[in-house]
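Novice:
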Amino acid sequence: MHPQIPDPELKEFLDYKVRQYNTPSFIEGDPVSVPHRFDKQQDIEIAAFFAAALAWGQRTVAVQKAGELMQRMDNQPWHFIMEAGTDDLRRFKNFVHRTFNGNDCMFFLFSLQRM
C-alpha cells in the first residue's frame, strides 16, 4: 500500500505541476505541438490522434516522428485520410517509431478512413 500524501502537500505538488505544464513554452517541445501547427479542426484532431499515439519515449523524437507522419500526409491530414487510396497508404510502409511500425500506421489510417 502506498503512503497517503497529506492534502496540503498534494495541492502544492499539483499546483506546481499546473505551473510547469500549463504554459505556452511547454507546448514547443511536446508532442501536443504537432496539432498546434494546424488551423482546421479536422486537421488538428487527426494530428492530435497521431501525436498522442506516438507520445512515448523521448519527447523530441515523438515530436519529430509525428511531424514526419504529417509530412507524409502532405501536411493535410484530414484531406489525406478522406482521399487516400491503397497506393497512397504504402508511403507509410517503412515508418517506424519504437514498436509502432508501418503496418500499424497503415492500419490506423485505414481505420480512420472508415469512421
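For what it's worth, my numbering labels the leading residue of the sequence shown as 19, then goes sequentially.
Even glycine gets a Cβ: it sits at the ideal position worked out from N, Cα and C.
Could you check what DSSP says for Asn93 in three-state terms: helix, strand or coil?
Specialist: Taking the sequence shown and counting its residues from 1, one reaches residue 93 at position 75. In the structure shown, Asn93 sits in coil (DSSP, three-state: anything other than H, G, I, E or B).
Novice: Please identify the residue among Val50, Gln22, Gln131 whose C-alpha is closest to the C-alpha of His97.
Specialist: Taking the sequence shown and counting its residues from 1, the one referred to as residue 97 is at position 79. For the residues Val50, Gln22, Gln131, the minimum Cα distance to His97 belongs to Gln131.
Novice: With 16 other CB atoms within 10 Å as the buried threshold, where does Val50 fall?
Specialist: The count along the sequence shown starts at 1 and reaches residue 50 at position 32. The residue is buried, with at least 16 neighbouring Cβ atoms inside 10 Å.
Novice: Roughly how many angstroms lie between the CA atoms of Ala65 and Ala71, to the nearest whole one?
Specialist: Mapped onto the sequence shown, residue 65 falls at position 47. Mapped onto the sequence shown, residue 71 falls at position 53. Near 10 Å, if we compare the C-alpha coordinates of Ala71 and Ala65.
Novice: Determine the closest residue to Ala84 out of Ile62, Thr104, Ala102, with distance taken between C-alpha atoms.
Specialist: To locate residue 84, count along the sequence shown from 1; it is residue 66. When each option's Cα is compared against that of Ala84, the closest is Ile62.
Novice: Please name the residue, chosen from Gln76, Gly75, Val81, Pro24, that lies closest to Phe68 on a Cα-to-Cα basis.
Specialist: As a working mapping, residue 68 is identified with position 50 in the sequence shown. Looking at the Cα atoms, Val81 is the closest of the given residues.
Novice: Quick one, are the C-beta atoms of Gly120 and Phe128 less than 8 Å apart?
Specialist: Stepping through the sequence shown from its first residue, residue 120 is reached at position 102. Stepping through the sequence shown from its first residue, residue 128 is reached at position 110. Taking 8 Å as the Cβ cut-off, Gly120 and Phe128 do not qualify as a contacting pair.
Novice: Mind reading off the beta-carbon distance from Arg116 to Trp74? Whole number of angstroms is fine, and I expect it under 8 Å.
Specialist: Numbered from its first residue, the sequence shown carries residue 116 at position 98. Numbered from its first residue, the sequence shown carries residue 74 at position 56. The Cβ separation is near 7 Å, so the contact holds.
Novice: Please classify Asn112: does DSSP put it in a helix, a strand, or coil?
Specialist: Along the sequence shown, one-based indexing puts residue 112 at 94. Coil.
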